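J.: Under the numbering used here, the letters of the sequence shown match residues 22 to 348, in that order. Ideal placement from N, C-alpha and C gives every residue a C-beta, glycine not left out. Small disclaimer: the values here were computed from a predicted structure and weren't measured. Let me begin by handing over the structure; questions about it come next.
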Amino acid sequence: MRRILVTGGAGFIGSHFVRTLLADGYQGWEGARVTVLDKLTYAGNRENLPAAHPRLEFVTGDICDENLLARLLPGQDAVVHFAAESHVDRSLAAAGEFVHANVVGTQRLLDAVLRSGVGRMVHISTDEVYGSITEGSWTEEWPLLPNTPYAASKAAAEMVVRSFVRTHGLNVSTTRCSNNYGPYQHPEKLIPLFTTNLLDGLEVPLYGDGSNAREWLHVDDHCRAIHLVLDGGRPGEVYNIGGGNERTNLEMTEHLLRLTGADRSKVRRVADRKGHDLRYSIDDGKIRRELGYRPLVPFEQGLADTVAWYRENAQWWKGVKHAAGKR
Ligand code: NAD
22 MRRILVTGGA
32 GFIGSHFVRT
42 LLADGYQGWE
52 GARVTVLDKL
62 TYAGNRENLP
72 AAHPRLEFVT
82 GDICDENLLA
92 RLLPGQDAVV
102 HFAAESHVDR
112 SLAAAGEFVH
122 ANVVGTQRLL
132 DAVLRSGVGR
142 MVHISTDEVY
152 GSITEGSWTE
162 EWPLLPNTPY
172 AASKAAAEMV
182 VRSFVRTHGL
192 NVSTTRCSNN
202 YGPYQHPEKL
212 IPLFTTNLLD
222 GLEVPLYGDG
232 SNAREWLHVD
242 DHCRAIHLVL
252 DGGRPGEVYN
262 IGGGNERTNL
272 EMTEHLLRLT
282 GADRSKVRRV
292 ADRKGHDLRY
302 SIDDGKIRRE
312 LGYRPLVPFE
322 QGLADTVAWY
332 RENAQWWKGV
342 KHAAGKR
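Here it is in structure tokens:
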């Protein structure tokens with residue numbers, strides 16, 4: 022029986038990957054034993070995963086804890102590394118926490134992978150490492166020019182990964198994906214924040230003039246791509262994963278107003294975020310050519326299903342918002 026360790030598996034994307042693994046949704050990993058290592062920060066939620074499952078071991082702990090890693094890693098066939106501080110806004114005020122979790126945490130994990138002889142790892146990064154692009158799209162060869170402490174910590178983590186591949190020959194591939202959306206995303210992020218506020222009859226805060234553009238990727242498409250990289254990606258290579266659905270924040274807001282049945286009076290303009298990247302756009306031709314990836318979830322359908330999920334799972338997000346004391 023194969024064994025896989027997933028860091029950050031109680032978060033938004035990691036939990037989707039783990040739920041799909043446990044449902045035998047990834048060919049070659051059917052029946053695999055899954056160890057989730059998650060610190061359960063404010064962003065992690067044990068309820069994102071089955072309370073009990075015969076093939077799931079849930080460990081509450083920190084990727085920076087070397088002793089814990091030394092205990093958990095031996096015998097694993099692969100590691101998929103999602104754990105990170107992930108919210109750009111928080112990184113503006115708490116850069117140190119981001120460097121510690123994202124850079125030191127990744128280095129400790131790599132050290133433990135090396136010592137334990139784990140044969141395969143996928144490191145989950147972000148398109149934000151490229152900075153901002155006014156026109157065209159980034160290929161994997163573009164320089165890394167991160168603009169926020171979050172993006173800088175993710176770029177730095179990638180450099181540490183690269184050094185372990187080059188120096189020690191570790192079998193690690195890195196993915197850089199665009200903005201994800203889907204169920205179980207923490208309501209601090211744009212789509213769930215706006216959706217849940219609108220469902221609750223509250224206002225939504227739109228940064229600046231709303232012209233910042235992002236490319237949206239359904240979490241299920243993202244996780245399918247990660248599985249392709251896990252099994253077929255080349256060591257040391259980086260793979261962009263895109264959704265191909267570019268929308269300005271204003272356009273996204275309009276979609277969400279329509280899907281929740283709210284009107285424009287709910288939109289409150291707020292001062293722009295410091296260092297707010299204007300546009301992200303990635304060229305994911307490499308993973309399409311090499312691994313046969315293509316996104317399957319049509320954007321309009323995926324967004325409508327996502328809003329429907331938040332509508333039907335108010336208990337989940339009300340609990341998370343209550344815990345965060347945030348509206
Ligand atoms: P998330 O914030 O929802 O989840 C992160 C998880 O990591 C949480 O469960 C948290 O408890 C855990 N964690 C944080 N620090 C930890 C530590 N020191 N030790 C162990 N666990 C820790 O994030 P997400 O949106 O699921 O993102 C997952 C990964 O994907 C991150 O690496 C992020 O940078 C990357 N990413 C996300 C997006 C997106 O749109 N959400 C886009 C690009 C890249």
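1) Name the DSSP beta bridge partners of F79, please?
2) DSSP three-state label for M22, please.
3) Would you mind sorting L214 into buried or exposed? The rule is 16 or more other CB atoms within 10 Å of its CB.
4) Relative to the C-alpha of L271, which residue among F119, V225, R255 is closest?
5) Do the segment 95-110 and the segment 31-51 make contact, defined as three or more Cβ pairs closer than 8 Å?
6) Exposed or buried, what is D148 when buried is set at 16 or more other beta-carbons lying within 10 Å of its beta-carbon?
7) Mind checking whether the beta-carbon of F79 lies closer than 7 Å to any heavy atom of the ligand NAD?
8) Is A122 near the ligand NAD - that is, is its Cβ less than 7 Å away from at least one heavy atom of it?
9) Would you tell me roughly how many angstroms separate the C-alpha atoms of D230 and D293, rounded to the nearest one?
10) What does the alpha-carbon distance come out to for the pair G323 and W237?
11) Which full runs of the alpha helix (DSSP H) of 4+ residues lie inside the segment 265-328, going along the chain?
12) Ignoring anything shorter than 4 residues, give me the alpha helix (DSSP H) runs that lie fully in the segment 156-239, in order along the chain.
13) Could you check the C-alpha separation between T169 and E311 for me, to the nearest Å?
14) Is H248 a contact residue of the ligand NAD, with contact defined as CB to any heavy atom under 7 Å?
15) Which term fits K347, buried or exposed, when burial requires 16 or more other beta carbons within 10 angstroms of its beta carbon?
16) Is the segment 298-308 close to the segment 258-269, with three or more CB pairs under 8 Å?
17) Three-state secondary structure (DSSP) at H144?
18) Relative to the alpha-carbon of Y47, which residue among R111, R187, L61, I247 has its alpha-carbon at the smallest distance?
19) Give me the DSSP bridge partner(s) of Y260.
20) Put A73 into one of helix, strand or coil per three-state DSSP.
21) Taking V27 as the reference, give the member of A115, V143, N123 with the closest Cα.
22) When the Cα of N66 is compared with those of P75, F79, D326, which residue comes out closest?
23) So, S194 versus G96, is the Cβ gap smaller than 8 Å?
24) If I'm right that L131 touches T216 with Cβ under 8 Å, what's the distance once you round it to whole angstroms?
25) For a test of your reading of the model: does the CB of G264 fall under 7 Å from any non-hydrogen atom of the ligand NAD? Yes or no.
T.: So, from the listed chains and residues:
1) V57
2) coil
3) buried
4) V225
5) yes
6) buried
7) no
8) yes
9) 8 Å
10) 10 Å
11) 270-281, 306-312
12) 170-189, 211-220
13) 31 Å
14) no
15) With a pLDDT of only 49 at K347, under 50, the local geometry of the prediction cannot be trusted, and no value is derived from it.
16) yes
17) strand
18) I247
19) T196
20) coil
21) V143
22) F79
23) no
24) Actually they are not in contact, since the Cβ atoms of L131 and T216 sit about 37 Å apart, beyond 8 Å.
25) no
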